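Position one of the sequence shown corresponds to residue 221 (the numbering used here), numbered consecutively onward.
Backbone N, C-alpha and C fix where the C-beta goes; we use that ideal spot for every residue, glycine too.
Note that this is a predicted model, so its numbers are computed, not measured.
Below is one structure; the comments refer to it alone.
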Amino acid sequence: MAAVEFAFVAPILAGMMIVLVELTLRYQAVEKFHRYASQAGDIMSRSVMLESSDVGAMHASADQMMYPLTVGDNLTLTVTSIGYDSAGAPKILWQRTEPDTAAPLSFDLSDAAGLGYPGDTVVRTDVRFIFSSAVSTA
Numbered sequence: 221m222a223a224v225e226f227a228f229v230a231p232i233l234a235g236m237m238i239v240l241v242e243l244t245l246r247y248q249a250v251e252k253f254h255r256y257a258s259q260a261g262d263i264m265s266r267s268v269m270l271e272s273s274d275v276g277a278m279h280a281s282a283d284q285m286m287y288p289l290t291v292g293d294n295l296t297l298t299v300t301s302i303g304y305d306s307a308g309a310p311k312i313l314w315q316r317t318e319p320d321t322a323a324p325l326s327f328d329l330s331d332a333a334g335l336g337y338p339g340d341t342v343v344r345t346d347v348r349f350i351f352s353s354a355v356s357t358a
């Protein structure tokens, strides 16, 4: 009788264990991604002069900053310099994306209104990460 009960309960317990592992991996990925995005934005905005190689170096550092996740080309980093004209209207001064084969991550320029004074510049960092789980394909 106990063997029959175990035969019914064991698959349910195994399924619950797999779900728990999957949720843990996804939570860890989200935490590491948020930390990377925050630190990338902070480092990029503190630089006195940004070059394309700086954006590439920040993208390359994702493998170490998000370890043990495999980043590779699943992460897209777009850094945009936004300037404000004499009326305070925002305009894109330059934009760099890594990997350079990826399309820049788009955003609404009106979101930058009011973030700077006329003559100022701000740096906006957008990051996208596509997570691939070792447990599931969803």
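Item to check | Complete beta strand (DSSP E) runs within the region 243-271 (minimum length 3 residues, chain order) | outcome: none
Item to check | Opening and closing residue of the beta strand (DSSP E) in which D346 lies | outcome: Counted as a single uninterrupted DSSP element, the beta strand (DSSP E) harbouring D346 occupies residues 341-349.
Item to check | Nearest-angstrom Cβ-Cβ length linking S281 and V343, presumed shorter than 8 Å | outcome: The Cβ separation is near 17 Å, so there is no contact.
Item to check | Backbone CA spacing between E318 and K252 [nearest angstrom] | outcome: It is roughly 19 Å from the alpha-carbon of E318 to the alpha-carbon of K252.
Next on the checklist: So, with DSSP's three-state summary, where would you put L297?
Outcome noted: In the structure shown, L297 sits in a strand (DSSP, three-state: E or B).
Item to check | Pick from D320, V299, A322, L325 that is closest to L360, judged by C-alpha positions | outcome: Beyond the ends of the chain as shown, which are 221 and 358, falls residue 360; an answer cannot be given.
Next on the checklist: Measuring only the C-alpha atoms, how far is Y247 from M237?
Outcome noted: 15 Å
Next on the checklist: I believe V355 touches E242 by the beta-carbon criterion, under 8 Å. Please report the beta-carbon distance rounded to the nearest angstrom.
Outcome noted: Yes, they are in contact, since the Cβ atoms of V355 and E242 sit about 5 Å apart, within 8 Å.
Next on the checklist: Given this structure, state the Cα-to-Cα distance separating D283 from K311, to the nearest angstrom.
Outcome noted: Here the C-alpha atom of D283 lies approximately 32 Å from the C-alpha atom of K311.
Item to check | Neighbourhood of A249 by C-beta distance below 7 Å, restricted to the same chain and skipping five residues each side | outcome: L289, F351
Checklist entry - With 16 other CB atoms within 10 Å as the buried threshold, where does L240 fall? => result exposed
Item to check | Coil, strand or helix - G334 by DSSP | outcome: coil
Checklist entry - In terms of alpha-carbon separation, which member of S326, Q315, A333, L233 lies closest to A307? => result A333
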